[in-house]
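*Asks:*
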């Protein structure tokens with residue numbers, strides 16, 4: 006039934022995974038020292054699955070997403086011991102030419118700011134058509150045709166006319182649809198969406214999430230959704246990875262995470278969110294601030310802000326322990342649950 | 094709209110806002126010194142400045158003295174006259190040394206004048222409201238359309254030869270247009286930033302906002318433009334002198350020496366070589382420094398780990 | 042019947058002896074092109090806003106991009122000059138003030154900005170930034186001013202030693218606290234909070250929200266709290282104004298609004314928010330289309346192209362719905378939601394085919 010809790014989670018059997026990230030470490034050299042933005046992240050995504058990666062700024066989630074497509078430039082460095090296995094190959098070992106054939110075709114990415122991701126001097130039709138031409142060598146006419154079809158697929162009205170328009174003539178929501186069209190025109194197996202709706206109005210956000218769900222169903226692709234918004238995750242993902250301090254601190258299915266969040270950071274995050282459906286007067290906060298990636302605390306990286314910390318947390322760095330089934334948490338409380346103190350409901354700042 | 098809060102450094106490692114220098118290594122002066130080329134340029138300019146200041150003690154002869162106009166004229170460089178003599182048997186080296194004083198001071202003072210006028214004009218246009226801005230800028234646009242040298246010639250021709258102070262004023266007042274445009278553009282952009290709005294909201298007067306909030310931000314581009322302006326002023330002064338409108342005799346400037354050498358270009362080449370080389374080297378040095386200052390202003394000088 | 046008569050709309054939310062009172066506030070931005078500014082039209086950023094703000098309350102203003110909420114905040118403080126309308130602060134007509142009188146009035150009304158990175162001068166220490174207000178209004182000088190600055194920094198949860206440091210050395214949340222300290226320095230009674238937490242992480246957001254609430258108590262402040270996030274508004278506001286394309290389309294006490302939103306736009310807005318609880322299954326109202334441009338608003342009801350009210354018909358594109366009281370202290374601009382002063386006859390004259398009916402699709406957002 007349930008595997009014994011408190012044991013370190015073993016490497017998941019990833020033979021049937023679409024993408025398997027093993028021990029990803031990415032560091033940046035900065036004037037302030039070496040910033041270990043991603044420090045030992047391992048996860049896998051099954052075909053057709055939607056995985057949410059949630060965390061606040063400085064946790065390393067965006068860098069993780071960029072690493073999957075090897076979009077990290079110096080002074081950022083990916084540790085040679087890391088591996089990203091995709092369709093039988095290690096993406097980090099591919100040549101420049103080979104990785105270009107993966108980008109946009111097998112793995113695609115959608116970013117946060119639609120305005121800056123689109124080239125202002127080309128029509129949106131051209132930009133989608135270019136993706137087709139580059140990867141398939143199709144003729145201009147055929148590529149344009151595909152572009153118009155894609156625009157229709159992402160829900161733009163009058164796609165043939167729209168294709169001739171320039172990005173500045175479209176609204177934010179429409180531009181994001183164009184970006185999604187560009188990402189999906191080659192029917193990739195994996196879509197990485199980094200804060201795809203954060204820059205959009207709430208009503209438009211709802212439309213875009215609806216679109217993503219629909220396209221995912223139709224194309225059968227896997228999605229890695231990176232965001233800070235737990236609400237968006239709840240709508241779209243089936244499995245969640247919570248990141249903090251460059252590491253995954255909790256991993257669980259959607260329902261399990263919201264019902265039984267284990268890691269104190271996850272609990273703090275859930276408690277700190279203002280919710281439209283509750284009427285608490287005062288929000289509970291997580292005291293302190295995120296430490297800089299140039300100076301992760303020793304031991305457990307959350308210990309300075311954790312109400313349950315004890316001496317072990319400064320001495321040892323916790324692994325990911327099994328909480329139940331496939332729910333893991335990087336917290337010694339999984340091994341010593343009796344140490345969990347009653348947390349004062351209201352914390353003043 | 095939410096924006097995931099960015100890290101306080103961008104991915105390339107440079108701080109997002111130009112920070113206050115925290116250690117000597119990070120100050121702009123240190124940055125200037127660090128680069129070999131800029132260091133050479135700085136040393137050169139310092140040397141020239143010293144020459145200008147110490148002219149009376151450095152010059153071996155009186156620059157205006159014409160000891161022997163028959164035998165000593167147009168002598169090639171020798172030990173007694175390392176830069177030779179000119180058609181009036183004056184020692185070219187001494188004239189060059191005093192000329193440095195004249196050329197440099199004209200260039201620097203003219204640059205200061207144009208920077209001051211240009212900054213004030215640009216600030217007024219940007220902070221003064223749409224109508225003021227439109228009027229002032231159309232004025233500058235018109236003036237900018239006239240080539241500087243023509244403008245100067247027009248003025249100078251009316252007055253004949255000019256004294257050094259007059260030259261400074263004339264060169265300075267012909268060079269502020271570009272600075273005005275630059276300042277105006279920068280200030281217009283700055284005016285919309287939230288911290289300026291906040292200052293207005295606190296009740297600060299426009300003049301106070303201009304000085305406390307805006308000027309420190311435009312200081313860098315102005316400094317860069319001004320440094321380039323020194324080079325431009327040097328060339329303009331030389332050009333005016335070459336055309337016969339430079340400093341009055343018997344004072345020398347690099348340009349006037351150049352002019353004297355014009356007629357005897359081949360036979361007394363030293364008369365052209367000395368001032369020509371001086372001009373080229375100094376303008377080059379100034380431009381190298383200005384270029385580096387521009388890099389510094391955009392934060393690229395900070396040391397990486 | 043086209044738009045523009047918002048200026049004559051009756052005010053909503055009136056109270057006795059309000060701290061702030063707006064009547065018919067209008068702000069139009071001209072669109073110009075060409076050398077001499079030939080007019081291409083106007084952006085009607087604010088199209089007739091009238092309401093009162095009571096002393097000590099937090100009035101939430103919510104809406105999406107282009108609705109005019111930011112313009113509203115800046116116009117009230119005369120950081121942008123209004124095109125028309127009346128603004129009365131504590132009974133005084135602010136629009137008539139000039140020079141020194143205006144500067145003195147500025148002490149009483151301050152603003153907290155959205156972007157913590159742009160709202161502080163990067164070349165001034167945070168101590169100098171906070172001190173500026175004290176010096177301008179001669180509240181304190183020299184050592185006394187420095188002391189006050191330290192007190193203010195501590196009050197907002199920062200250490201006094203930080204006064205000598207520069208903004209780039211701080212995180213977004215800390216910079217936002219500096220902005221709050223700057224506003225508090227001049228001892229205002231009214232603060233416009235323009236999306237103060239939108240650019241912050243969730244956990245930091247919570248800290249700043251709690252701070253703002255505490256300060257409101259300790260300093261007896263009145264807030265105009267502008268946000269696009271309805272969840273945050275629910276925690277902060279006592280009454281809420283919903284804006285769309287420069288007008289107020291709904292105005293109510295916060296609990297009434299969330300329990301029973303009347304305006305179809307508000308209903309859609311509330312249902313669009315992703316709720317972090319996978320077990321709540323709600324009818325999601327997904328609107329078609331995008332927020333139209335404020336330079337070219339739709340005729341009649343500005344929301345009608347996207348509206349999903351079952352009784353929507355041709356009349357909606359012809360009649361501009363007045364803001365009417367649908368329930369005690371609850372106003373909405375929709376004549377298809379009864380009761381309405383726009384009679385069925387006049388609706389029919391404008392082409393109506395469907396009778397108004399109460400449409401409340403959201404089973405209350407629990408709580």
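Protein chains in written order, with the working numbering: chain A, 6 to 354; chain B, 94 to 398; chain C, 42 to 408. Glycine included, every Cβ here is placed at the ideal spot set by N, Cα and C.
Give the interface partners of residue 159/C over in chain B, defined as CB-CB distance under 9 Å, in chain order.
*Replies:* 286, 287, 288
*Asks:* Any C-beta of chain A sitting closer than 8 Å to the C-beta of residue 221/C?
*Replies:* no
*Asks:* Classify residue 39/A as helix, strand or coil using the three-state DSSP reduction.
*Replies:* Here DSSP, grouped into helix, strand and coil, assigns residue 39/A to strand.
*Asks:* What is the C-beta distance between residue 230/B and residue 293/B, in whole angstroms, given that I count them as a contact (C-beta under 8 Å)?
*Replies:* Taking the Cβ atoms as the reference, residue 230/B lies roughly 23 Å from residue 293/B, outside the contact range of under 8 Å.
*Asks:* Are the CB atoms of residue 59/A and residue 46/A nearer to each other than 8 Å?
*Replies:* no
*Asks:* Cα-Cα, which of 332/C, 401/C, 160/C, 213/C is closest to residue 241/C?
*Replies:* 213/C
*Asks:* Across the stretch 380–389 of chain B and the stretch 128–142 of chain B, are there enough close Cβ pairs to call them in contact, namely three or more that are closer than 8 Å?
*Replies:* In short, these stretches touch, since the Cβ pair count reaches three.
*Asks:* To which residues of the same chain is residue 347/C closer than 6 Å at the C-beta, ignoring the five residues directly before and after it?
*Replies:* So the list reads 328, 329, 330, once near-sequence residues are dropped.
*Asks:* Quick one: which residues of the stretch 262–279 of chain C get their C-beta closer than 7 Å to a C-beta of chain A? List them in chain order.
*Replies:* Within the stretch 262–279 of chain C, contact with chain A at the beta-carbon level (separation under 7 Å) is assigned to 269, 271, 272, 273, 275, 276.
*Asks:* Along chain C, in chain order, which residues have C-beta atoms closer than 8 Å to that of residue 236/A?
*Replies:* 314, 315, 316, 317
*Asks:* Just grab the DSSP bridge partners of residue 234/C for me.
*Replies:* 153/C, 266/C
*Asks:* Quick check: is the beta carbon of residue 177/C nearer than 8 Å to any beta carbon in chain A?
*Replies:* no
*Asks:* For chain A, check one thing: does any of its Cβ atoms lie closer than 8 Å to the Cβ of residue 250/C?
*Replies:* At least one chain A Cβ lies under 8 Å of residue 250/C.
*Asks:* If you run the structure through DSSP and keep just helix, strand and coil, what is residue 241/B?
*Replies:* helix
*Asks:* Applying a beta-carbon distance threshold of less than 7 Å, which residues of chain F neighbour residue 295/B?
*Replies:* Within the model displayed, chain F is absent; protein chains A, B and C are what it includes.
*Asks:* Under 8 Å, Cβ to Cβ, is there at least one residue of chain A near residue 214/C?
*Replies:* At least one chain A Cβ lies under 8 Å of residue 214/C.
*Asks:* State the Cα-Cα distance for the pair residue 364/A and residue 280/B, rounded to the nearest angstrom.
*Replies:* The requested residue 364/A is not part of the displayed model; chain A covers only 6 to 354.
*Asks:* Residue 410/C versus chain B: which residues are under 7 Å apart at the beta carbon?
*Replies:* Since the first residue of chain C shown is 42 and the last is 408, residue 410/C is not available in this structure.
*Asks:* What's the gap between the Cα of residue 184/A and the Cα of residue 114/C?
*Replies:* 33 Å
*Asks:* Kindly identify the DSSP beta-bridge partner or partners of residue 70/C.
*Replies:* 84/C
*Asks:* Taking only beta-carbon positions, decide if residue 292/B is within less than 8 Å of chain C.
*Replies:* yes
*Asks:* Do you know offhand how far residue 32/A's Cα is from residue 306/A's?
*Replies:* 17 Å
*Asks:* Below 8 Å, can you find three or more Cβ-Cβ pairs linking the stretch 227–245 of chain A to the stretch 146–166 of chain A?
*Replies:* Verdict: no, contact absent.
*Asks:* Residue 284/C CB to nearest chain B CB: under 8 Å?
*Replies:* Taking Cβ atoms only, chain B never reaches closer than 8 Å to residue 284/C, which makes this a no.
*Asks:* Three Cβ pairs or more, each shorter than 8 Å: is that satisfied between the stretch 335–343 of chain A and the stretch 257–275 of chain A?
*Replies:* yes
*Asks:* Spell out the partners DSSP gives residue 199/A in its beta bridges.
*Replies:* Residue 199/A is bridged to 231/A.
*Asks:* One question on the structure: do residue 295/B and residue 227/C come within less than 8 Å of each other, judged by their Cβ atoms?
*Replies:* The answer is yes: Cβ separation under 8 Å.
*Asks:* Check each residue of the stretch 87–110 of chain C: if its Cβ is closer than 7 Å to any Cβ of chain A, include it; give the result in chain order.
*Replies:* 105, 106
*Asks:* For residue 398/C, count neighbouring C-beta atoms within 10 Å of its own C-beta (all shown protein chains included) and say buried if the count is 16 or more, exposed if not.
*Replies:* With a 10 Å radius around the Cβ and a threshold of 16 neighbouring Cβ atoms, residue 398/C comes out exposed.
*Asks:* Assign residue 377/C to one of three DSSP states: helix, strand, or coil.
*Replies:* coil
*Asks:* Between the C-alpha atoms of residue 340/C and residue 169/A, what's the straight-line distance to the nearest angstrom?
*Replies:* 28 Å
*Asks:* In its own chain, which residues sit with a C-beta less than 8 Å from the C-beta of residue 142/B, not counting the 5 before and 5 after it?
*Replies:* 197
*Asks:* Output yes if chain C places a C-beta closer than 8 Å to the C-beta of residue 282/A; else output no.
*Replies:* yes
*Asks:* According to DSSP, is residue 315/A part of a helix, a strand, or is it coil?
*Replies:* coil
*Asks:* Residues of chain A with CB under 7 Å from residue 358/C, in chain order?
*Replies:* For residue 358/C, none of the residues of chain A pass the 7 Å Cβ criterion, the least Cβ distance being about 19 Å.
*Asks:* Using alpha carbons as the reference points, say which of 112/C, 87/C, 132/C lies closest to residue 96/C.
*Replies:* 132/C
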